[in-house]
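First up is the structure itself, then whatever we jot down about it.
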Amino acid sequence: MKEQIIELFKNLNTEFIMNFSDIGLENYVEKIIKKASIISIIKNDILIGFIAYYDNEPNKEMAFLTMIIVKEEFENLGYGKSLLEFSLKEIIGKGFKKYGLKVHVENKYAIRLYEKYGFVKIERELNFFYMEKKISQ
Numbered sequence: 037m038k039e040q041i042i043e044l045f046k047n048l049n050t051e052f053i054m055n056f057s058d059i060g061l062e063n064y065v066e067k068i069i070k071k072a073s074i075i076s077i078i079k080n081d082i083l084i085g086f087i088a089y090y091d092n093e094p095n096k097e098m099a100f101l102t103m104i105i106v107k108e109e110f111e112n113l114g115y116g117k118s119l120l121e122f123s124l125k126e127i128i129g130k131g132f133k134k135y136g137l138k139v140h141v142e143n144k145y146a147i148r149l150y151e152k153y154g155f156v157k158i159e160r161e162l163n164f165f166y167m168e169k170k171i172s173q
């Protein structure tokens with residue numbers, strides 16, 4: 037899976053994703069594989085999208101969405117929405133109180149998606165909004 041995630045990152049054509057050197061990208065992917073929960077969509081043995089989120093806080097106060105990516109040719113087909121929904125079901129089932137994320141201020145499509153699912157802008161940090169969703173139990 038590591039190689040497929042790296043390949044997916046390298047083929048992204050967007051200004052909203054951090055720039056990584058090859059070594060930095062490999063280290064980042066290793067980190068999310070080891071420490072984050074990952075839900076992926078695979079079609080014909082090809083990774084077309086995934087969501088990675090941290091849900092390992094012991095007091096279950098906050099889960100954090102670190103990355104959601106869908107391969108360009110599969111965008112606008114509902115895969116991002118499905119990944120977000122699956123992650124929400126998982127963290128709700130685990131009893132988390134909040135779900136946080138950071139999104140580039142110019143990524144209007146993602147911001148609309150997150151707002152549709154109840155995330156609200158809490159603050160702006162440089163070129164990113166920190167957004168949060170309170171989860172009712």
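Just so we're aligned: the sequence shown equals residues 37 to 173 in the working numbering.
We treat Cβ as the ideally placed atom computed from N, Cα and C, and that holds for glycine.
Item                                                                                                          : Value
8 Å Cβ shell around F122 - same chain, five flanking residues per side excluded                               : I75, I87
Residues bridged to R160 [DSSP beta-bridge criterion]                                                         : F165
Cβ-based burial, M37 [other Cβ within 10 Å; buried from 16]                                                   : exposed
Given K117 as reference, the closest of E39, K134, A146, N80 once Cα atoms are compared                       : A146
Which residues DSSP lists as bridging I171, in chain order                                                    : BP columns for I171 are empty, so no partner.
Separation of N163 from I171, as counted between CA atoms                                                     : 26 Å
Alpha helix (DSSP H) runs contained entirely in the stretch 45 to 110, provided each spans 4 or more residues : 58 to 71
Extent of the continuous beta strand (DSSP E) run through K138                                                : 134 to 140
The stretch 104 to 119 / the stretch 129 to 136 touching (three or more Cβ pairs under 8 Å)                   : no
Residues near E66 in its chain [Cβ-Cβ closer than 8 Å; skip 5 each side]                                      : K38
CA nearest to the CA of F45, picked from S73, G85, V156                                                       : G85
Whether K71 touches N92 by CB criterion (8 Å)                                                                 : yes
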